[in-house]
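Numbering (the numbering used here), first residue to last: 1101 to 1338.
The beta-carbon is built from N, C-alpha and C at its ideal position, and this holds for glycine as well.
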Amino acid sequence: MRHNLHFSRLSLILVCSLFSLPSLVQAQAFEGVITMQMTSPMLGNQKIDMSYTVKGDKVLQTADDPKQGRMSIYTDTKAGTQIIVMEAQKVGMRIDQSTIDSAVKKLNLPKYEPKQTGKTEKIGDYKCELFTMQVDSLEEMDMWLTKDYPKGLSAAIRNCIDAGMKATGVKSDAFMVLFNAGYAPVRIEMKQNGMTQLTNEFAKAEPMKLDDSMFIVPSDIQVSRFDPSHMNPGTEGK
């Protein structure tokens, strides 16, 4: 599913890969900044830091597009809203979860079922297990998950990922079973025809006290509402 936001390719990658709001949010204790590092052939394989600023019910996701500049996603999990902002263009798009849920019900979305492969690998300081999931006939997602994160950090990372999935209509009870069992991702790879198209990997977490003003969209940003008719059902389930 693709939201016709008229934003850069990074906007699609950032929303779809993030990692990214149910009861886990209320249980989360981590406050601070989580940094993931993304690489993609679509963006010239440059290493792009993607930061997730987390406080309570609020998540601010930011990344710098090499061509379009900074993009930010303001998520309010309690209100069920996301605002995607292209800072250089001074424009934003508000997405209400209720609108997405209603539109998704009309689409023929596939059922996403991550499967455990039995493969393990140590990535950084974390012992990881590989889960794989078929997205469609051409694309698959490899997820290296761990239970080694500190509890608060693990919950925060899972919430960031769930926020991104919900924004694109991706819902999976099997995902939530894994997350509720204590798993959280260290690395996620998107593949097409077996070739890696995107990698997103945990880099660091920095606990810190955050001011509430960080989660307010700047007043000079012109925000419009997302039109659910821009979701193209003709591309689903193929």
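Go ahead and pull the three-state DSSP assignment for F1231.
Taking the sequence shown and counting its residues from 1, the one referred to as residue 1231 is at position 131. Here F1231 sits in strand by DSSP.
Would D1157 and K1178 qualify as a contact pair, given that the criterion is a beta-carbon distance under 8 Å?
On the sequence shown, position 57 is the one that residue 1157 refers to. On the sequence shown, position 78 is the one that residue 1178 refers to. Yes.
Rounded to a whole number of angstroms, what is the C-alpha to C-alpha distance between S1254 and M1138?
Translated into positions along the sequence shown, residue 1254 becomes position 154. Translated into positions along the sequence shown, residue 1138 becomes position 38. Their Cα atoms are separated by approximately 19 Å.
Backbone CA spacing between V1323 and I1183 [nearest angstrom]:
Mapped onto the sequence shown, residue 1323 falls at position 223. Mapped onto the sequence shown, residue 1183 falls at position 83. Put simply, the backbone Cα of V1323 is about 8 Å away from that of I1183.
Would you mind stating whether T1175 and P1328 have Cβ atoms separated by less than 8 Å?
The residue labelled residue 1175 in the question sits at position 75 within the sequence shown. The residue labelled residue 1328 in the question sits at position 228 within the sequence shown. Cβ atoms of T1175 and P1328: not closer than 8 Å.
Classify Q1189 as helix, strand or coil using the three-state DSSP reduction.
The residue labelled residue 1189 in the question sits at position 89 within the sequence shown. Looking at Q1189 - three-state DSSP - the assignment turns out to be coil, as it is neither helix nor strand.
Backbone secondary structure at F1302 - three-state DSSP
Translated into positions along the sequence shown, residue 1302 becomes position 202. Correct three-state label for F1302: strand.
Integer-rounded CB distance, given that A1256 should sit under 8 Å from V1154
As a position in the sequence shown, residue 1154 is number 54, starting the count at 1. As a position in the sequence shown, residue 1256 is number 156, starting the count at 1. Between the beta-carbon of V1154 and that of A1256 there is about 5 Å, and that keeps the pair under the 8 Å contact cut.
What residues are listed by DSSP as bridge partners for Y1152?
Position 52 of the sequence shown holds residue 1152. Beta-bridge annotation (DSSP): Y1152 is paired with I1134 and Q1161.
How would you call S1172, buried or exposed, if buried means at least 16 neighbouring beta carbons within 10 angstroms?
One-based indexing of the sequence shown puts residue 1172 at position 72. Burial call: buried.
What's the C-alpha gap between A1127 and E1289?
Mapped onto the sequence shown, residue 1127 falls at position 27. Mapped onto the sequence shown, residue 1289 falls at position 189. Because A1127 carries a pLDDT of 40, less than 50, the predicted location of this residue cannot be relied on, and no value is offered for it.
Going by other Cβ atoms of all chains shown within 10 Å of its Cβ, with 16 needed for buried, is D1225 buried or exposed?
Here the question's residue 1225 lines up with position 125 in the sequence shown. D1225 counts as exposed, since fewer than 16 other C-beta atoms from the protein chains shown sit within 10 angstroms of its C-beta.
Is it right to say Q1292 is buried, meaning 16 or more other beta carbons lie within 10 angstroms of its own, or is it exposed?
One-based indexing of the sequence shown puts residue 1292 at position 192. By the beta-carbon neighbour count (other beta carbons within 10 angstroms, threshold 16), Q1292 is exposed.
Option nearest L1238 by Cα separation, candidates D1248, E1213, G1294 and L1230:
The residue labelled residue 1238 in the question sits at position 138 within the sequence shown. The residue with the shortest Cα to Cα distance from L1238 is G1294.
Got a sec, what are the start and stop residues for the beta strand (DSSP E) A1284 sits in?
For the purposes of this step, residue 1284 is taken as the residue at position 184 of the sequence shown. Note, A1284: beta strand (DSSP E), A1284 to Q1292.
Neighbour-count burial assignment, N1300, 16 or more Cβ in a 10 Å radius:
The residue labelled residue 1300 in the question sits at position 200 within the sequence shown. So N1300 ends up on the buried side.
Indicate the three-state DSSP secondary structure (helix, strand or coil) for K1205 in the structure shown.
In the sequence shown, counting from the first residue as 1, residue 1205 sits at position 105. Helix, per DSSP.
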